[in-house]
Amino acid sequence: MPRYELYLCDMIRSEQEQIRLASLQQLKDLGINPYPADEFTVSHRSASLREDFKEGVEVTMAGRMMSRRIMGKASFAELKDAEGSFQLYVNRDEICSGEDKTLYNTVFKKLLDRGDFIGVRGVTFLTKVGEPSIKVLELTLLSKAIRPLPAVKTDEDGNVHDAFSDPELRYRMRYVDLCVNDKVKDTFIARSKIIRTIRETFDNKGWLEVDTPVLQAIPGGAAARPFETHHNALDMPLYLRIANELYLKRLIVGGFEGVYEFSRNFRNEGMDRTHNPEFTVLELYVAYKDYNWMMEAMENLLGDVAKSVHGKTLVNLAGTDIDFTPPYARVTMRDAILEHTKVDIDTLDENGLREACKGLGIDTDPSMGRGKLIDELFGEKCEHLYVQPTFITDYPVDMSPLTKTHRDKPGYTERFELFINGTEIANAYSELNDPIDQRERFESQLELAERGDDEAMFIDQDFLRALEYGMPPTSGVGIGIDRLVMMLTNQTSIQEVLLFPQMRPEQF
RNA sequence: GACUUGGUAGCUCAGCUGGUUAGAGCAUCUCACUUUUAAUGAGAGGGUCCUGGGUUCGAGUCCCAGCCAGGUCACCA
1 MPRYELYLCD
11 MIRSEQEQIR
21 LASLQQLKDL
31 GINPYPADEF
41 TVSHRSASLR
51 EDFKEGVEVT
61 MAGRMMSRRI
71 MGKASFAELK
81 DAEGSFQLYV
91 NRDEICSGED
101 KTLYNTVFKK
111 LLDRGDFIGV
121 RGVTFLTKVG
131 EPSIKVLELT
141 LLSKAIRPLP
151 AVKTDEDGNV
161 HDAFSDPELR
171 YRMRYVDLCV
181 NDKVKDTFIA
191 RSKIIRTIRE
201 TFDNKGWLEV
211 DTPVLQAIPG
221 GAAARPFETH
231 HNALDMPLYL
241 RIANELYLKR
251 LIVGGFEGVY
261 EFSRNFRNEG
271 MDRTHNPEFT
281 VLELYVAYKD
291 YNWMMEAMEN
301 LLGDVAKSVH
311 GKTLVNLAGT
321 DIDFTPPYAR
331 VTMRDAILEH
341 TKVDIDTLDE
351 NGLREACKGL
361 GIDTDPSMGR
371 GKLIDELFGE
381 KCEHLYVQPT
391 FITDYPVDMS
401 PLTKTHRDKP
411 GYTERFELFI
421 NGTEIANAYS
431 ELNDPIDQRE
441 RFESQLELAE
451 RGDDEAMFID
461 QDFLRALEYG
471 MPPTSGVGIG
481 IDRLVMMLTN
491 QTSIQEVLLF
501 PQMRPEQF
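Every letter in the first sequence is one number past the one before it in the numbering used here, and letter 270, counting from 1, is 270.
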């Protein structure tokens, strides 16, 4: 048997917690199990019951008791289940038909608390003021809460009082956040819808969802600092993946014609409003396609995703109407920079670009090559201007070591990024499948590493061997799922779209 | 990583230039109340003022260091 009295001594308990622990003991003394094992069969849930409301229907419901308004021999309580809340009417003589009124006077009024899980059997009716309610005939305690939930209240004008709003507490105790802040749940429901829409779309195309290693001997496929760990039995270092790209391409080599994975990636870098050490990227690779085809696939996909969350493709996000209806604008990186800075990157060498950056007030340093300078020009002066969905195409070759060179523009690659509301949502290319070119690109990455770039890519010999066996022409795309969810749910912090964002450990 | 703001009751917050016993609303407890809905009325209890030093006759308040979080910037997706 758990020893509840120890709970009182072991930890510092608030007055409210001590009272609840005492109530717990009293319930046990009354022969009521505060944590029963029995199944409780629910016939209705709150929102669907309200939607199709009729009086006189017998229902059983379960949930958390979120508030109680006791008026002597009758009370109202709010029962909250997965769909929302429903009002209970608890009348002494209805739940205690005989002489013994303990269940109402002692158990319901004194020993139950806000936050306890209860189950009820009762009959639906409308109160004097027309509130759909359940007249409770039978009341069962399903689980006792010994900590009080924050007492968030909403008045008749919809104003929230005493909101549970401290971000630290909300993220550390997401379970409490979800209990009392309904909008939080909506965000994660939207996240689930977005992922489901993508998965259903891809499955319908016949593409295969796969799992590839999270623990990798060579962390490849992106430029980032990895987390390092150690495998004891093999006595060797392993890295948590920074990307899954090279593994998915191996599968295209192996003969799958469409593979995708929702990849949890890990990067040992700073944390802020848009970065969590672990995050989710959707990667898709389809054989015999190129990046032009992928643009069409992405605009169709995002149209469907917008519909799944908002029911339409014209959506107001952060005060701006965003039109997700395909097709989307396509602008080459050269034209974008030319339009917004009057700088024509095609006519400038590295030094010319450096001067152009200086002229625009962009800080440069000698380690920046041509590609990096172009990237700065675009990132500083153009990126934020693409509010409506726009594909920016044809990136410089030295920024894209895994991308096929452009079929007719030397120095460029067949790559696009999709920008919406000024932020990058997707990154895609015609995949580099020339093993000799790929080896050279890796070697130039190695030179970067030797010059001190700690994010330059490692050479993955096995990946090169795979390419040497032959990879069909392939188009691939990566979509940052967390940021997509942020955008579609109007959240400005990644922590709002991750159920358990990374936090420093708490002291107990 | 740099800068910046904050940490006071279960929750949200006041607390002035350093000065009695640290306050409010909600929550909790007691009493009343059989259709309320931020229920109501009457009464009561509840504090490691983030932690550790320092200055001072006296520190929630000032100083130093640390911890945790938010914001901005840098890097990145």
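Heads up, the beta-carbon is just placed ideally off N, CA and C, and yes, glycines get one too. A quick note: this is a predicted structure, and the numbers were derived from the prediction, not measured.
If you draw a straight line from the Cα of CYS179 to the Cα of GLU506, it comes to about 21 Å. Under the criterion of beta carbons closer than 8 Å, ARG334 and ILE345 qualify as touching, at roughly 5 Å. HIS231 carries a strand assignment under DSSP once its states are collapsed to helix, strand and coil. The beta-carbon separation of VAL387 and ASN433, rounded to 35 Å, does not stay under the 8 Å limit for a contact. With a 10 Å radius around the Cβ and a threshold of 16 neighbouring Cβ atoms, SER308 comes out buried. Taking a contact as a CB-CB distance under 8 Å, the pair VAL259 and TRP207 counts as one, their CB atoms being some 6 Å apart.
Here the region 48 to 61 makes contact with the region 111 to 120; the two share three or more CB pairs at distances below 8 Å. Distance from the Cα of THR106 is smallest, within the candidate group ILE32, ASP349 and ALA306, for ILE32. Cβ neighbours of HIS230 within its own chain (closer than 8 Å, five residues either side excluded): MET236, PRO237 and LEU238. In this structure, ARG483 sits near THR274, with a CB-CB distance shorter than 9 Å.
In this chain, SER133 is not harboured by any alpha helix (DSSP H); it is covered by the beta strand (DSSP E) spanning 132 to 143.
Contact annotation: the region 135 to 146 touches the region 85 to 92, with at least three C-beta pairs closer than 8 Å. Across the set GLU257, ALA287 and TYR395, the C-alpha of ALA287 shows the shortest separation from the C-alpha of THR474. Residue environment analysis places HIS161 among the exposed positions, since fewer than 16 neighbouring C-beta atoms fall within 10 angstroms of its C-beta. Distance from the Cα of SER430 is smallest, within the candidate group MET295, LEU498 and GLU424, for MET295.
Boundaries of the alpha helix (DSSP H) harbouring ARG50: 46 to 51, taken from the DSSP string. Cα atoms of THR154 and GLU228: separation of roughly 47 Å, rounded to the nearest angstrom.
9 Å or more divides the Cβ of VAL305 from the Cβ of GLU496. Within the region 273 to 327, the complete beta strand (DSSP E) segments at least 3 residues long are 278 to 287, 314 to 317 and 320 to 323, listed from N- to C-terminus.
In this structure, the straight-line span from the alpha carbon of ALA82 to that of ILE189 is close to 11 Å. Taken in chain order, the complete alpha helix (DSSP H) segments of 4 residues or longer contained in the region 332 to 405 are 333 to 341, 350 to 359 and 370 to 381.
Two segments are said to touch when three or more pairs of C-beta atoms, one from each, lie closer than 8 Å; by this definition the region 96 to 110 does not touch the region 42 to 60. The C-beta distance from ASP460 to GLY220 rounds to 5 Å, short enough to fall under 8 Å.
Residue environment: PRO396 is assigned as buried (16 or more neighbouring CB atoms within 10 Å of its CB, all protein chains considered).
Here the C-alpha atom of ILE218 lies approximately 11 Å from the C-alpha atom of ALA243.
Annotated three-state conformation of PRO237 is strand, per DSSP. Secondary structure at GLU209: strand, using DSSP grouped into helix, strand and coil. Counting along the chain, the unbroken alpha helix (DSSP H) around ARG172 starts and ends at 167 to 172. With a contact defined as Cβ atoms closer than 8 Å, MET173 and GLN502 miss out at about 15 Å. With fewer than 16 other Cβ atoms from the protein chains shown falling within 10 Å of its own Cβ, THR492 counts as exposed. Three or more Cβ pairs closer than 8 Å define a contact, and the region 38 to 45 falls short of that threshold against the region 22 to 29. Where SER23 is concerned, there is no enclosing beta strand (DSSP E), although the alpha helix (DSSP H) around it starts and stops at 15 to 29.
Taking C-beta separations shorter than 8 Å and ignoring five residues to either side along the sequence, the partners of LEU360 in its chain run THR341, VAL343, LEU377, GLU380 and LYS381, following chain order. By the Cβ-count criterion, ILE436 is exposed, with fewer than 16 other Cβ atoms from all chains shown falling within 10 Å of its own Cβ.
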